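So the sequence shown is residues 0 to 240, counted in numbering that gives the first Met the number 0. C-beta: ideal position from N, C-alpha, C; glycine also. Keep in mind it's a predicted model, so treat the numbers as computed, not measured.
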Amino acid sequence: MKNIFTFLFIAFSATSYGQFFLKETIKDNGNVKVENRTTEAYTKVSNIGNLYVVLTEGKVGSIRVEASDNILQYILTKVENGELSIRLDPKNNYTLKHKVVVYVPVDQSLQKILQKGSGDVELKDLLKVEQLSCELAGSGDLKINVKAKQLSLSVVGSGDLEAKGSVTELQAELTGSGDLDAEKLTATNAKVTVNGSGDITTFVTENVEARVSGSGDIAIKGNPKKRDSKVMGSGDIRFIP
């Protein structure tokens, strides 16, 4: 039985290894062009891979892509079930010397932002929404500036998430070795959790529930009136005046 499992593992590894090298490797030519695209409406935005996505308030569906002209055709911007997915065509490998930038307009209907991989998503200008979920998985970066009633922030891996603005109800969870900086996000109430060795910084004014499992740290500013904190492991929860 052991020999069978060993054979299957080797066969799977060889197949995956072979598929990687059978793919065509496309190198950008440095001739940067701008391409305007129109998509269906969306309320969720996902960036898969190593692209740079800039979220701007504007007309949903009017997307602008900046990249070398021989790369443009491989940048996929597809909407399914209200979710805009942005990624490079997985059928090929790519050598990119010039940054690929995708400008995505959003409005108050935005519900979710996902960054998966080593890319970046940035929402520079303040966006007013009712409820928003932001997820960062991998080693990328996610920056947001929002005013919301409910905001959920999740980091899994070694990435960095930075949040600014204000929110009534905040839920922030970090799993791994990443960082979640919400010091410039004023929250009325917050539930904050660290699993692993990562760090979270928050600013809470009323009620906060903080939990650490592992060696991570939570720093809480804003002098919240009601505090509920527990640590399991060598981590730390600090209340900073």
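Note to self: So, for E205: in the same chain, excluding its five sequence neighbours on each side, which residues have a beta-carbon less than 8 Å away from its beta-carbon?
What the structure shows: T187, N188, P223, K224 and K225
Checklist line | Chain-order list of residues whose beta-carbon lies under 6 Å from that of V53 (same chain, five-residue window excluded) | finding: The beta carbon of V53 lies closer than 6 Å to those of Y102 and E121 in the same chain, with the five residues before and after it left out.
Margin query: Does D88 pass the burial test, meaning 16 or more other C-beta atoms within 10 Å, or should it be called exposed?
Written below: exposed
Notebook entry, point to check: If you drop the 5 nearest sequence neighbours on each side, which residues of the same chain put their C-beta closer than 7 Å to that of F8?
Noted result: Legend: pLDDT at F8 = 45, less than 50; position of this residue unreliable, value from coordinates given subsequently. Answer for F8: no residue qualifies.
Next item on the list: Look at the alpha carbon of E161 and the alpha carbon of V105, and state the distance between them as a whole number of angstroms.
Entry: 19 Å
Notebook entry, point to check: Do the region 26-41 and the region 54-68 touch if we need at least three Cβ pairs shorter than 8 Å?
Noted result: Because the criterion of three Cβ pairs below 8 Å is met, the region 26-41 and the region 54-68 touch.
Next item on the list: Specify, as a first and last residue, the run of the beta strand (DSSP E) that K229 falls within.
Entry: K225 to M231
Check: Should G81 go down as buried or exposed, given a rule of 16 or more other Cβ atoms within 10 Å for buried?
Finding: exposed
Note to self: Per the DSSP calculation, A181 is bridged to which residue(s)?
What the structure shows: T201
Check: Straight-line CA distance for L95 to T55?
Finding: Straight across, the Cα-Cα distance linking L95 with T55 is about 24 Å.
Margin query: Do S176 and V195 count as a contact pair if the criterion is CB distance below 8 Å?
Written below: Sequence check: residue 195 is Gly here, not Val. Yes, they are a contact pair.
Next item on the list: Name the two residues that bound the continuous beta strand (DSSP E) containing T55.
Entry: Y51 to E56
Item checked: DSSP state of Y41 mapped onto helix, strand, coil -> Coil, per DSSP.
Check: Pick from N28, K111 and V203: whose alpha carbon is nearest that of P240?
Finding: Considering only alpha carbons, the answer is V203.
Check: Between E23 and the rest of its own chain, which residues show a CB-CB distance below 6 Å, the 5 nearest in sequence each way excluded?
Finding: These residues qualify, in order along the chain: N91.
Check: According to DSSP, is Q110 helix, strand or coil?
Finding: It is coil, neither helix nor strand.
Check: How big is the Cα-Cα spacing for G221 and A209?
Finding: 14 Å
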